[in-house]
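S.K.: Residue numbers (the working numbering): 70 to 341. Virtual Cβ for every residue (Gly too), placed ideally from N, Cα, C. The structure under discussion is supplied below as structure tokens; questions concerning it will follow.
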């Protein structure tokens, strides 16, 4: 068994400090009394109250959440369908072109994707707003969903589907009752990944957003260009807290399910 050397410990310490120390400093200064984010003037939570009264940030947060939910749901549906066709469709005419179109956004620079979508929306006369952002985020997020679901379908035991078909299920019923529940963790993971990508996107949204639809990353970027305010620190702290709670909750649920599965396997073994 390998022991941790001083070099490994030092490297890990500096690595984690480089990643997380700026976040810790940001959280600390979100409780700063002063308007100057670099000068500590005492503990205060007033900037959180100011943030909750800032209509511009609240509207941007609502637009971002709405776009993320809609785009991730559409991307999950379309990405799952695309993955099923690629894995189960066999060889068909245009398969290479189809797979290339699905995976192109993975390697395409976001600037090119955003500019091409902007030209498309202008060409068809579609006004930029929430709809265009949803379509843009769906376009580049569905490829990530397709990759995640495809990897699960490749390891799927098709004999389970064949057994369902032999028992009288139609193709759609076998997919709904057998395939979909088994690949559900991959589908959920794809939805969460698409949701995260939509929340984090700045480049593509800046091309496809209109004056009536400003996402939170665009709003933060515009505000930071004029100088970092304590409200932005408070907003970032809230986002870090939400993500941390989500990760801890998911870990606890996963651990509980694992323990329950082990107990069920042990009970089944004792019964046998």
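Let me confirm a value: residue 186 is counted as buried when at least 16 other C-beta atoms fall within 10 Å, else exposed. Which label applies?
M.R.: Taking the chain shown and counting its residues from 1, the one referred to as residue 186 is at position 117. Buried: at least 16 other Cβ atoms inside 10 Å.
S.K.: If you run the structure through DSSP and keep just helix, strand and coil, what is residue 70?
M.R.: The sequence position of residue 70 within the chain shown is 1, counting from 1. At residue 70, the pLDDT of 48 sits below 50, so the modelled position is not reliable; the number obtained from the coordinates is stated separately. Of the three classes helix, strand and coil, the one that applies to residue 70 here is coil, per DSSP.
S.K.: I'd like the span of the alpha helix (DSSP H) that includes residue 258, first residue to last.
M.R.: By 1-based counting over the chain shown, the position of residue 258 is 189. Counting along the chain, residue 258 sits inside the alpha helix (DSSP H) bounded by residues 249-269.
S.K.: Are the segment 309-325 and the segment 134-153 touching, with three or more C-beta to C-beta distances below 8 Å?
M.R.: Contact fails: fewer than three Cβ-Cβ distances are below 8 Å.
S.K.: Write down every uninterrupted run of the alpha helix (DSSP H) in the segment 96-160 whose length is 4 residues or greater and which is fully enclosed by it, in chain order.
M.R.: 115-121 and 124-157
S.K.: Taking the alpha helix (DSSP H) that residue 290 belongs to, which residues open and close that run?
M.R.: Counting from 1 along the chain shown, the entry for residue 290 is found at position 221. Counting along the chain, the alpha helix (DSSP H) containing residue 290 begins and ends at 285-294.
S.K.: Could you have a look at residue 238 and say whether DSSP puts it in helix, strand or coil?
M.R.: In the chain shown, the residue the question calls residue 238 occupies position 169. Three-state result, residue 238: coil.
S.K.: For residue 211, I'd like the list of residues in its chain whose CB is within less than 6 Å of its CB, leaving aside the five on either flank, ordered along the chain.
M.R.: For the purposes of this step, residue 211 is taken as the residue at position 142 of the chain shown. Around residue 211: 144, 147 and 148.
S.K.: Within its chain, find whatever has a CB closer than 8 Å to the CB of residue 121; leave out the 5 residues flanking it on each side and keep chain order.
M.R.: Counting from one through the chain shown, the residue named residue 121 turns up at place 52. Answer for residue 121: 127, listed in chain order.
S.K.: Can you give the beta carbon distance from residue 156 to residue 222, rounded, assuming they're within the 8 Å contact cut?
M.R.: The count along the chain shown starts at 1 and reaches residue 156 at position 87. The count along the chain shown starts at 1 and reaches residue 222 at position 153. Yes, residue 156 and residue 222 are in contact; Cβ-Cβ is about 4 Å, under 8 Å.
S.K.: Using C-beta distances below 6 Å, list every residue in its chain close to residue 189, excluding the 5 sequence neighbours before and after it, in chain order.
M.R.: By 1-based counting over the chain shown, the position of residue 189 is 120. Excluding positions up to five away in sequence, the list is empty.
S.K.: Going along the chain, which unbroken runs of the alpha helix (DSSP H) with 4 or more residues stay wholly within the segment 195-233?
M.R.: 199-223
S.K.: Could you give the distance in angstroms between the alpha-carbon of residue 184 and the alpha-carbon of residue 243?
M.R.: Looking up residue 184 in the chain shown gives position 115. Looking up residue 243 in the chain shown gives position 174. Cα to Cα, residue 184 sits roughly 42 Å from residue 243.
S.K.: If you run the structure through DSSP and keep just helix, strand and coil, what is residue 308?
M.R.: Sequence index remark: in the chain shown, residue 308 carries index 239 (1-based). Helix at residue 308.
S.K.: Rank 112, 334 and 276 by C-alpha distance to the C-alpha of residue 196 and give the top, closest one.
M.R.: In the chain shown, the residue the question calls residue 196 occupies position 127. With distances taken between Cα atoms, residue 196 lies closest to 276.
S.K.: So the candidates are 132, 269 and 234; which of them puts its Cα closest to the Cα of residue 179?
M.R.: Taking the chain shown and counting its residues from 1, one reaches residue 179 at position 110. Considering only alpha carbons, the answer is 269.
S.K.: Helix, strand or coil for residue 86, going by three-state DSSP, please let me know.
M.R.: Within the chain shown, the letter at position 17 stands for residue 86. In this structure, residue 86 counts as helix in the three-state DSSP scheme.
S.K.: Taking 8 Å as the threshold (C-beta atoms), are residue 224 and residue 132 in contact?
M.R.: As a first step, residue 132 must be located in the chain shown, where it is residue number 63. As a first step, residue 224 must be located in the chain shown, where it is residue number 155. Cβ atoms of residue 132 and residue 224: not closer than 8 Å.
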